[in-house]
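Asks:
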Amino acid sequence: MDPGQRPALAGLRPAAPTPARPRPLPWATAAAALVLAGLTGITGLAFLGKISLGPPAPSGTGIVFYVVPYHYGYAFYDSGLVERQAIEVKVGETVTLVIVPAQALPREVFLEYNKRSLKLAVGGLSPGDPRVPAKVQEDLALGNVEHIIGIAAHPVYVTTNVAAVLNGQPFRNGGPATLAEAVSQKDASIRSVTFTARRVGAFDVLCVDSGMDGTGTCGWGHKWMIAKGAFVVRP
């Protein structure tokens, strides 16, 4: 036997050579790096406010705002569903207002919006007067649930469509739980209008009269449902 050779031990097999690990293909490594860089870039832009992670706006509709009318006022939100004190645009911009009635949301959400009416003087009643929420309940019982949204000096006249989802009830059951859900699901109660802001200034958002007698479909507080200077058009 050659001195450089050793006999294999009985019952044992020689160890198999360890297979070489496959190297990642260059294109796969590059693709992974691009995906990671893209995600990092998106996160950074969102943090800086350069892009919105809110609900996607309808294509070709310019700048989008959401308006939530309630008895007897409004809440305004930008395209990312961040609440704003007013709608601010530049002259010449195309604007889309998406109207989401507060009554399209759950009872608890609707009542939270209506607490805002207690902070204001409405119809000659002082802020916090218990007769205001009593009037709201009275209007709901009478079926005064719709609003007609208008903007002074602009071609905006949008009637809400919440009665279609209330089914004769004062509050909705089984609808979207939040404003974001209502928007993403394109709830049947939602209406919208698109127009161009052509005049510089601050214009009132109001509930437009629905009849010759000056009464509106939202009832008692209709004539005081005005957001002074809430639509702002800058040069």
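Here the sequence shown stands for residues 1190 to 1424, numbered as in my numbering. Glycine included, every Cβ here is placed at the ideal spot set by N, Cα and C.
(1) Reducing DSSP to helix, strand and coil, say where Leu-1270 ends up.
(2) Buried or exposed for Gly-1339, going by 16 or more other Cβ atoms inside 10 Å?
(3) Would you kindly work out how many angstroms separate the C-alpha atoms of His-1260 and Leu-1300, rounded to a whole number?
(4) So Gly-1410 and Lys-1324 are supposed to be a Cβ contact under 8 Å. How far apart are they, rounded?
(5) Please classify Asn-1303 as buried or exposed, where buried requires at least 16 other C-beta atoms within 10 Å of its C-beta.
(6) With a threshold of 8 Å on Cβ separation, who are the neighbours of Gly-1281 within its own chain once the five nearest residues in sequence on each side are excluded?
(7) Do you know how far the Cα of Gly-1313 is from the Cα of Phe-1236?
(8) Given a cut-off of 8 Å, decide if Val-1289 and Leu-1395 are closer than it, judged by their beta-carbon atoms.
(9) Which whole-angstrom value is the C-beta distance of Val-1345 and Ala-1293, which I expect to be below 8 Å?
(10) How long is the line joining the alpha carbons of Thr-1232 and Pro-1319, rounded to whole angstroms?
(11) Which of the three DSSP states is assigned to Ser-1378 in this structure?
(12) With DSSP as the reference, identify every bridge partner of Gly-1339, one or two as the case may be.
(13) Short check: CB of Arg-1423 to CB of Glu-1277, under 8 Å?
(14) Looking at the unbroken alpha helix (DSSP H) that takes in Phe-1299, where does it start and where does it end?
(15) Please determine, among Lys-1375, Ala-1310 and Arg-1380, the residue with the shortest C-alpha to C-alpha distance to Pro-1258.
(16) Which of the three DSSP states is assigned to Phe-1236 in this structure?
(17) Please determine, among Ala-1341, Val-1372, Val-1321 and Asp-1376, the residue with the shortest C-alpha to C-alpha distance to Gly-1408.
(18) Between Gln-1374 and the rest of its own chain, which residues show a CB-CB distance below 8 Å, the 5 nearest in sequence each way excluded?
(19) Should Glu-1356 be labelled buried (16 or more other beta-carbon atoms within 10 Å of its own) or exposed?
(20) Check Ala-1352 in the structure and name its three-state DSSP category.
(21) Among the residues of its own chain, which have a CB less than 6 Å from the CB of His-1336, if the five just before and after it don't count?
(22) Using only alpha-carbon positions, find the residue among Leu-1329, Lys-1279, Ala-1341 and His-1343 that is nearest to Arg-1361.
Replies: A quick look at the data gives this:
(1) coil
(2) Counting Cβ neighbours within 10 Å, Gly-1339 comes out buried, since at least 16 surround it.
(3) 9 Å
(4) 6 Å
(5) With 16 or more Cβ atoms within 10 Å of its Cβ, Asn-1303 is classed as buried.
(6) Thr-1385, Ala-1386 and Arg-1387
(7) Model confidence at Phe-1236 stands at a pLDDT of 34, short of 50, so the residue's coordinates are unreliable; what they give is reported in the following sentence. Whole-angstrom Cα-Cα distance: 45 Å.
(8) no
(9) Val-1345 to Ala-1293, Cβ: 20 Å. No contact.
(10) In this prediction, Thr-1232 has a pLDDT of 39, which is less than 50 and means its spatial position is unreliable; what the coordinates show is noted afterwards. Those two C-alpha atoms are separated by around 47 Å.
(11) Secondary structure of Ser-1378 (DSSP, three-state): coil.
(12) Tyr-1346 and Leu-1395
(13) yes
(14) That run of the alpha helix (DSSP H) goes 1296-1303.
(15) Arg-1380
(16) Note that Phe-1236 has pLDDT 34, beneath the 50 cutoff, so the model's placement of it is unreliable and the number below is only indicative. Phe-1236 falls in the helix class under three-state DSSP.
(17) Val-1321
(18) Pro-1365
(19) Here residue 1356 turns out to be Asn, not Glu, going by the sequence shown. Classification for Asn-1356: exposed.
(20) helix
(21) Counting only Cβ-Cβ distances below 6 Å, and skipping sequence neighbours, we find Pro-1258, Thr-1349, Cys-1396 and Cys-1407.
(22) With distances taken between Cα atoms, Arg-1361 lies closest to Leu-1329.
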